[in-house]
Every structure is written in C-alpha cells, then in structure tokens.
Amino acid sequence: MAEGQRKGHMDLTILLQTVLAGVLVGGLYGLIGMGMAINFGVLRIINLAQGELLMVGMYVCYWVFTLWGLDPLLSPVVTIPFLFVLGVVIHRFLLTPLIRARALPENQILLTVGVGLVLTNAALLAFTSNYRTITTSYSASLITLGSIAVSLPAVLAFGIAMLVSSALWLFLMKTDLGKCIRATAQDPDAALLMGVNVERISVITFGIGAALEGAAGSLLVLVYYLFPALGGIFTLKAFIVVVLGGLGSTLGALLGGIVLGLAESLGAVFVSTGYKDAIGFIVFVLMLIFRPAGLVGKARM
Amino acid sequence: MGWMLDVRKLSKVFGGLPALVNVDFGIAPGEIVGLIGPNGAGKTTLFNVITGVFRPTSGEILFEGKNLVGLKPHDICRLGITRTFQVVKPLPKMTVLENVMVGAFARVGTKEEAREIALRELEFTGLLPKRDALARSLTLADRKLLELTRAVATRPKLILLDEVVAGLNPTETEETITLIQRLPERGIAAVAGVEHVMRVIMTISHRIVVLNYGRKIAQGSPEEVGHNPEVIEAYLGEAYAETS
Amino acid sequence: MAARGGKGWRWGGAVLGVAVLLGFPIVVSDVYLQHLAIFFLLWVTLGTSWNLLGGYAGQISFGHAAFFGMGAYTSSLLFAKLGFPPWPGMLLGGVAGILLALPMGHICFRLRGPFFALSMLALSEFLRLVTLNWRDLTEGAVGILLPPFFISKLPYYYIALALAAATMLATWFLVDSKVGFYLLAIREDQDAAEALGIDTTWYKLVALMVSAFFSAMAGSYYANYMAYIDPPIVFSIVDISIAMILVAVLGGMGTLWGPVVGALVIVTLSEAFRAYFAAAHLIVYGVLIIVVIVFMPEGIVGSLAARGPRWLRPRVATDAPGASQG
Ligand SMILES: Nc1ncnc2c1ncn2[C@@H]1O[C@H](COP(=O)(O)OP(=O)(O)OP(=O)(O)O)[C@@H](O)[C@H]1O
Ligand SMILES: [Mg+2]
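Right under this line is the structure:
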C-alpha cells in the first residue's frame with residue numbers, strides 16, 4: 006500500500022531507484038513483447054496466447070527447478086526448446102489449416118484466444134490457482150550502488166534478456182533463416198516469388214516467438230510470482246509493448262518494453278500501486294492518438 | 232478552360248521517393264482520357280491522391296471549382312468521383328446485386344430504390360444474369376465488370392479506371408472498351424489507366440496523358456502522343472502499336 | 074421461389090415462438106430453469122449486440138465487458154449513491170455505454186489493423202482497475218450490494234425477454250436497411266467501401282454505439298438481477314468478453330439467429346461442465362472456440378444456412394417481393 010508516502014519528500018534516490026527498477030523490468034517486458042512482435046511481423050495477426058505461452062514457460066521453469074533443482078538462470082536450455090516445439094505444434098496443427106483455408110484474420114486471432122484459454126485452464130486443472138514462487142540462493146540478494154539498491158535477480162534477468170534479444174537480432178540479421186524471416190515479414194508474396202517457403206517460415210517463426218516466451222518465462226520467475234491466469238495480463242502488456250514499439254518491430258518492442266516498465270514503475274511510486282497497470286493503458290491510448298505507428302515508426306495511418 | 236477536374240502541380244513523395252512530380256492535367260465533362268505509363272509510373276498513385284486515399288505532398292486538385300485536398304474518399308465519391316482498383320476489390324461474400332446496391336446507396340436511402348438503380352446498371356453492363364452469384368465466385372473479367380457497374384451505380388461524373396483491361400482476353404477487352412465508350416452518353420467522364428500503349432486505348436481516348444517516373448512527359452491526341460519520341464523512348468522500343 | 078410456401082411456416086413459427094417465450098415462466102415454475110432461461114436471454118442480448126459490430130461490421134472487440142461493466146456500475150451507483158430507480162437506470166447505463174464507445178471508436182476506427190480489437194481489451198482491464206481502486210466511489214473489491222427488487226423471477230424474466238427482443242429487433246432493423254449494407258461492405262473491404270461513398274469511420278461508430286448501448290443495458294440488468302456486482306465479475310475478460318464472442322462465433326457471425334443458438338449452447342454447456350471442471354470449466358470455452366474456428370468457421374447457423382433456406386444465409390436478405398423473376 007502507498008499510505009505512508011509523502012509526495013513532497015521524493016528525493017533523487019527514490020527517483021533513480023524507481024527509474025532503474027522500471028528499466029530492469031522493462032527489459033523483460035521487451036523480451037516478452039518481441040515474441041509477439043516477431044509473430045505479428047510474419048503472421049500479420051496478434052497472437053493472443055502469447056502471455057499464456059509465457060505462463061507455460063514459467064511453469065516449465067518452476068518444475069525443472071523444483072523437481073531437478075535446475076537453476077532458473079540455466080533453465081532456458083529447457084524452456085526454449087520446449088516452447089519452440091509447443092509453438093510449432095500449435096501453428097502446424099491449428100493455424101496452418103486456417104491460413105491454408107484463407108480464414109479471416111479475425112478468426113485466426115480468435116483461434117489464439119481459444120488456445121490461450123485451453124492453456125490457462127489446463128494449467129489450472131494441473132497446478133490449481135495457487136501462487137507459486139521460486140526461492141534460489143540469490144533470490145533475496147541486493148546490489149547496492151551508493152544509496153541505490155536493486156535486486157540481484159532483477160539485474161540478472163535484465164542482463165540475460167538483453168543477451169537473448171541480441172542473439173535474436175544477430176540471428177535475424179546474419180543467418181539465412183533470419184533473412185528469410187525478415188523477407189517474409191516485409192512482403193510474403195515477394196518472398197514466395199524469391200523461393201522462400203513461406204509456410205515453413207511462418208511455422209518456424211511462430212516457434213521462435215514461443216521460444217522467446219520460454220526464455221522470458223525463465224527470467225520472469227525470478228522476479229514475479231506464478232499462477233495460471235497470469236497469461237492474460239502479460240498478453241495485454243505484450244500488446245501494449247508492441248504498439249509502443251510499432252507493430253511488428255522487434256527492436257521497437259524492446260524500446261516499448263522499457264517505456265512500459267518505466268511508466269509502470271514511476272506510476273506505482275508517484276500515483277499508486279493499484280493504478281500501476283492502468284498507467285500502461287493511458288500510455289497506450291496516448292500512443293494511439295498521437296503516434297499510432299509506434300515510438301520510432303513514421304506516423305502513417 | 233472548362234475543366235471539370237483540374238489537377239495543378241500535383242506532387243506526392245513517399246518517404247523521400249517522389250511518385251508524382253508537378254503533374255498538371257485537366258478533364259472536361261464527358262471526356263475519355265487515356266492515362267498511360269510504364270510500370271511504376273505513378274498512375275495508381277495519381278488515382279489514390281485524386282480520390283483522397285493519400286494526401287498530396289503539394290499541389291491542388293480542383294473538381295468543379297472545389298478543392299479536394301484533405302477530403303476523404305467517401306466525400307469525394309459523393310462529389311462525383313469514384314474509381315475501380317488495379318487489384319479488384321469486390322465485396323466477396325455479398326452477391327453481385329448487393330455489391331451494386333452498395334454503390335447505389337450513395338444516392339438513395341431505401342433498399343427498393345437502390346435495388347432499382349442496381350438492376351438498371353447491371354443491365355447496362357451486362358452482368359444482370361449473374362446478379363445472385365456471390366462476388367467471390369466470379370471470374371476476374373466479371374469482377375472487373377462488377378467494379379465498373381458498382382462505380383457507375385454511385386452516379387459519378389468521373390470514373391477513374393485503374394488498369395481497366397489488365398488480365399482480360401481480347402474479347403473481354405473489346406467488351407470493356409465498348410462499355411467505356413458508352414460512358415459519355417451517360418454523362419460520365421472516364422480516365423482509363425493502362426500500363427501498355429495499346430491500340431484499343433488509343434482508339435477510344437479523346438486525349439492521352441503519359442506519365443513516366445511520376446512526371447507528365449506528354450499529352451495530346453492519340454496520334455500526337457504516339458509519335459512523341461519521348462514516349463517511345465519511355466517504352467524502350469516497345470511498339471505502341473502492339474496489337475491489343 | 075420457395076419463399077412463398079415458406080412464408081406461412083415462418084409466420085406460424087413466429088407466433089409459436091412468441092407464445093413459448095411468453096408462456097415459459099408460467100408453465101415452467103422450477104426456479105432453477107427460470108434462472109437459466111433468464112441467463113439465456115441475457116446471452117442472446119450480449120451475443121446479438123457483439124454480433125452487430127463484430128459479425129456484420131467486421132469490427133472484432135475483445136473487451137465488450139467494458140460496456141457491460143460500465144452499464145452495471147452506472148445504474149448500480151446511481152441507485153446506491155443517489156437513489157435513482159434501477160430499472161430506468163438501465164437506460165442511463167446504456168447511455169453510459171455510448172459515452173464510453175464514442176471516444177474509443179473515435180480513436181481506434183481511424184486506424185487499420187488490430188488496434189480496435191485489442192484497445193477494447195485494454196479498456197475493459199483499465200475500467201476493472203479503476204473500479205477496483207476508486208474505493209470511495211465503487212467500494213472497490215467489496216463490490217456493490219443492491220436490494221433484490223422482486224421476489225418472483227417472473228418480472229426479471231420478462232424484462233430480460235424485452236431486452237433481448239429489443240436488441241434483436243434493432244439489429245434486424247439496421248441490418249435490413251442501408252446501414253446493414255454499409256456495415257457488410259465495410260466488413261468485406263474498407264477501401265472499396267470508402268470509394269463507394271461510405272463514411273466507414275462513422276458507420277463503424279454507429280454499429281459500436283448501438284452495440285455498446287445494448288451491452289451496457291445488459292450489464293445494468295445483470296446488476297439488478299444478481300443484486301451484487303464487483304469489478305472482477307462485470308469486467309471479466311473470459312466470462313464476459315470472450316463468452317460474448319463465443320456466443321456469436323458459435324452460432325454464426327453475421328447472422329440474426331446465430332447468437333440465439335450460440336446462447337442456448339453456451340448456457341447449457343457451461344451449466345453441464347461447471348460440475349466437472351469447477352473453476353477450469355472455461356477450458357470448454359477454449360476447446361469450443363478452437364473446434365468452431367477450425368471446423369465450422371461460419372458457426373452453427375451459418376453452416377446450416379449454407380444448405381438451408383435462403384433467408385437464413387449470413388448476409389442481408391435482399392429477396393424483397395417483386396424481384397424480377399422472383
Ligand atoms: N503506399 C506507397 N508507399 C510507398 N511507395 C509507394 C506507395 N504506392 C506507390 N508507391 C511507389 O510509387 C511509385 C509509383 O507507383 P504506382 O503504383 O503509382 O505506379 P503505377 O503507374 O500504378 O504502376 P503499375 O503499373 O505497377 O500499377 C512506385 O515507385 C511505387 O513503389
Ligand atoms: Mg498501378
């Protein structure tokens with residue numbers, strides 16, 4: 006609760022601390038948003054099960070930690086392939102038939118809603134609605150810089166999120182597969198003419214989009230608690246991040262994530278914690294009004 | 232001059248790349264103008280700017296003395312300019328009749344009136360026998376015809392036809408051309424945009440405007456334009472006289 | 074055409090239908106069944122109002138709970154704070170829905186792409202958070218308790234019936250007019266619609282306002298009937314927003330009767346499965362969405378109608394009498 010706060014007494018330390026915390030969590034939001042952005046780039050639809058994939062990633066991370074003691078920081082070696090396969094399966098068996106049948110984009114989005122509901126409720130059946138957290142040896146550690154203290158897990162999560170983002174960027178820029186993905190995102194018809202197997206690329210991209218949520222899930226577990234319904238919350242956050250960054254832009258998503266993280270963190274301190282998530286919405290609406298093409302994109306309607 | 236549509240110094244730049252540069256031209260009531268230009272010359276862009284899809288970077292578009300710049304496509308349709316699309320845009324899950332009724336509703340308010348207009352225009356273009364077919368089930372030629380019917384049903388004074396005959400076989404081309412030639416008797420002027428200099432367009436057009444790289448490089452009667460060295464150059468020896 | 078022979082059946086069916094609907098709660102005195110019938114009617118209202126916007130105009134909303142909750146809170150607060158009578162309050166609830174729809178439509182309908190669909194989702198989440206946190210006004214998570222207005226379910230039933238009928242009549246009236254043609258044209262191709270003189274932003278806004286009005290009225294009704302609301306219930310993404318979509322999609326988007334069939338299926342199924350899956354009964358919704366989208370994208374009514382009578386087909390019926398060769 007924000008009761009004891011005296012507005013007049015905000016000093017620089019609190020401001021810095023808040024900004025830092027916002028940037029750190031924003032990096033994670035960015036990673037989560039990148040999964041949605043890369044999917045949007047190729048599929049041209051918003052995957053509304055994106056947050057649910059993240060939730061699955063978090064549960065996978067939770068269980069490999071609880072059962073085998075695998076440290077969350079190492080768990081991406083499990084969560085990334087697991088989610089990749091899950092993404093490929095979802096696309097191959099559910100989305101591909103729709104795309105082949107030239108279903109309306111709305112129907113494709115609705116399908117992802119259905120997938121999200123199934124994932125959430127399957128998790129509810131399997132793991133109950135209990136909140137879970139992971140406690141590692143470093144969970145409670147703090148890093149202090151002068152008078153500012155930040156939690157070590159948050160810093161580690163941010164660092165790894167940046168690593169994964171850079172890896173994704175290199176992959177998209179330097180590898181043939183990455184180039185095919187970018188070509189498909191730019192113009193599927195042209196890519197098809199150039200001999201790109203657009204359908205295969207679409208499936209793989211969806212897998213990558215899901216794998217990014219796997220990585221993000223492994224990291225989010227360090228700083229957040231885990232429950233089945235969390236997917237919906239993060240789908241919405243991912244969407245806001247993606248709009249902030251400009252639909253479909255992966256680098257934009259990273260920037261969008263940091264902006265959202267900052268807005269939430271500043272809002273929680275200077276307005277009220279209860280309204281933290283509402284602030285994201287306000288930022289989002291302002292974007293829609295003034296810069297619908299995203300923070301870095303050229304405004305075009 | 233008695234231009235109905237008067238385009239003055241029109242320019243459109245897409246992110247630094249000019250698609251139209253200081254284009255000037257006019258259209259008189261009931262006139263048929265051929266707008267020719269090679270791939271990427273700016274024909275579609277010109278139509279998009281005139282019909283309000285894009286705002287011009289600079290220049291004026293006067294229609295019956297009114298400046299169209301800043302108006303939305305639907306405003307411009309109501310003022311009397313409509314168009315067809317290079318990539319046809321039928322309303323796929325509606326029938327042919329319903330498609331044309333949508334056009335007719337631009338001028339009337341009730342279903343009965345719209346239906347009456349639509350049936351009349353379907354008769355005019357010869358699509359009447361297919362009125363109950365779903366638009367998505369039509370052949371390309373029929374879809375193009377449907378777009379033209381729908382456009383006529385909005386009671387325009389000017390129709391902009393984007394790539395009227397692209398993808399049509401010689402018979403279908405002939406039929407379309409005949410139809411366009413009949414537009415002036417309905418009080419409708421037309422701009423027929425085509426990529427190739429085709430004899431058919433040369434024969435029906437009162438006047439030809441040639442675009443290349445976004446600039447108007449020639450205009451005049453079909454003969455004048457046909458012998459203009461710059462035009463021949465633009466088509467790199469592609470003989471304009473190529474049959475249909 | 075067969076329409077002439079079908080006409081007598083249609084009138085007969087209509088009279089029978091009205092008689093069944095009016096007589097139901099008198100003949101069936103089981104309170105639980107009456108309750109289910111009321112929920113069925115509520116879902117007809119919600120599914121139909123979503124369908125006008127999503128099915129006919131093609132503007133999919135993932136957050137219609139925003140309107141539902143807005144209606145529920147408006148009439149409940151008017152009663153709790155000002156003593157404003159709750160049934161007329163329903164109308165004001167509907168108006169509040171329109172007031173919410175205006176800025177949303179204004180901002181989102183200019184933009185192409187998934188903005189509207191997801192902005193609605195964001196809006197309903199925003200309202201949930203605001204009602205949860207603005208405790209001075211809304212009592213926050215405690216919710217608002219209203220006194221029950223009637224002992225018997227009969228008056229509730231007839232009000233729900235009137236609301237459902239009004240929503241369907243409004244939809245039918247709109248869809249059967251120029252507006253209906255315009256909404257379908259917008260759904261089918263926006264650029265073509267604009268070129269044909271349709272102010273697409275305005276007509277989308279009209280559909281949104283009508284849809285919001287009835288959804289919000291349904292929210293007010295829900296509050297009055299259940300005599301209790303709290304933010305997670307009335308702004309629920311799954312139980313309201315997605316369920317509304319499901320009702321329309323399952324029954325058949327862009328058909329008048331689709332949401333009726335959809336509501337019947339949903340109310341029956343969710344009652345049946347609540348016992349098996351408890352809190353996770355929504356898994357059934359998820360599976361249903363997937364199955365319908367993959368195997369029956371036109372919905373139940375849409376698929377049947379493709380083989381059935383012409384007037385059922387998922388588009389505006391234009392077979393007015395006097396059609397040449399009709
Ligand atoms: N929306 C747009 N954004 C960016 N560039 C565009 C856009 N529309 C057209 N262009 C560019 O403007 C130029 C003119 O294109 P336009 O489509 O008007 O030519 P055209 O004469 O219709 O040719 P075509 O025969 O291909 O139809 C091209 O270089 C094209 O790439
Ligand atoms: Mg063109």
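Residue numbers (this note's numbering), protein chains in the order written: chain C, 6 to 306; chain D, 232 to 475; chain P, 74 to 399. We put the CB at the ideal spot given by N, CA and C, even for glycine.
- Leaving aside the five residues that flank P:V338 on each side, the residues in its chain whose CB is nearer than 7 Å to its CB run, in chain order, L323.
- Our two residues, C:T138 and C:L231, have alpha carbons roughly 6 Å apart in a direct line.
- Residues of the same chain with a CB within less than 8 Å of the CB of P:A265, apart from the 5 flanking positions on each side, are A258 in chain order.
- Annotation: the continuous beta strand (DSSP E) that includes D:I263 extends over I263 to I267.
- Not one heavy atom of ligand 2 lies closer than 7 Å to the C-beta of D:T282.
- Counted as a single uninterrupted DSSP element, the stretch harbouring P:D264 is not any beta strand (DSSP E) but the alpha helix (DSSP H) occupying residues Q263 to A268.
- Counting only the Cα atoms, C:M63 lies some 29 Å from C:L103.
- Taking C-beta atoms under 8 Å as the contact rule, C:V208 and C:V93 qualify, at a distance of about 6 Å.
- Collapsing the DSSP output to three states places P:V100 in a helix.
- Chain order gives the chain C residues near P:G359 as V118, G119, V120, G121, L122, V123, L124, T125, N126 and A127, where near means a beta carbon separation below 9 Å.
- 8 Å or more divides the Cβ of D:V425 from the Cβ of D:I419.
- Following the DSSP letters along the chain, one finds C:R137 in no alpha helix (DSSP H), marked with neither H nor E.
- Those residues of the segment 172 to 204 of chain P placed with their C-beta closer than 8 Å to a C-beta in chain C are I180, C181, R183, L184, R185, G186, P187, F188, A190, L191, S192, L194, A195, L196, E198, F199, L202 and V203, ordered along the chain.
- By the C-beta density criterion, P:I99 is exposed, having fewer than 16 other C-beta atoms within 10 angstroms.
- If you look at P:S148, you'll find it isn't in any beta strand (DSSP E); it sits in the alpha helix (DSSP H) that goes A138 to L155.
- Residues of chain P with a Cβ closer than 8 Å to the Cβ of C:G279 are, in chain order, L202, L205 and N206.
- Taking a contact to require three or more Cβ pairs closer than 8 Å, the segment 327 to 337 of chain P and the segment 124 to 132 of chain P qualify as touching.
- The alpha-carbon separation between P:G359 and C:N52 amounts to approximately 15 Å.
- D:T313 and D:D393 have their C-alpha atoms roughly 11 Å apart.
- The closest heavy atom of ligand 2 lies 7 Å or more from the beta carbon of D:Q412.
- When C-beta atoms of the segment 269 to 276 of chain C are compared with those of the segment 37 to 46 of chain C, fewer than three pairs fall below 8 Å, so the two segments do not count as touching.
- Looking at the backbone, the Cα of D:W234 and that of D:P415 are separated by about 15 Å.
- At a cut-off of 8 Å between beta-carbon atoms, P:I339 makes no contact with chain C.
- Taken from the Cβ of D:D393, at least one heavy atom of ligand 2 lies inside 7 Å.
- Cβ contact annotation for C:M292 (same chain, cutoff 8 Å, sequence separation greater than five): V248, L249, G299 and L300, in chain order.
- Secondary structure note for P:R201: its alpha helix (DSSP H) is the uninterrupted segment F188 to N206.
- The Cβ neighbour count for C:S142, taken over all protein chains shown within 10 Å, is under 16; the residue is labelled exposed.
- Around the beta-carbon of P:F141, 16 or more other beta-carbon atoms lie within 10 Å, marking it buried.
- Straight across, the Cα-Cα distance linking P:L173 with P:A289 is about 10 Å.
- Within its own chain, the residues whose Cβ lies closer than 6 Å to the Cβ of P:I133, once the five positions on either side in sequence are excluded, are G127 and A190, listed in chain order.
- For ligand 1, a non-hydrogen atom lies closer than 7 Å to the CB of D:A250.
- It is roughly 39 Å from the alpha-carbon of P:H179 to the alpha-carbon of D:G261.
- In the three-state reduction of the DSSP assignment, D:R314 falls in the strand class.
- Closest option to C:V69, judged by alpha-carbon separation, among C:T84, C:M60 and C:Q55: C:T84.
- In this structure, C:V155 lies away from C:L161, with their beta-carbon atoms at least 8 Å apart.
- About 20 Å separates the beta carbons of P:S148 and P:G136, which is beyond the 8 Å limit, so they are not a contact pair.
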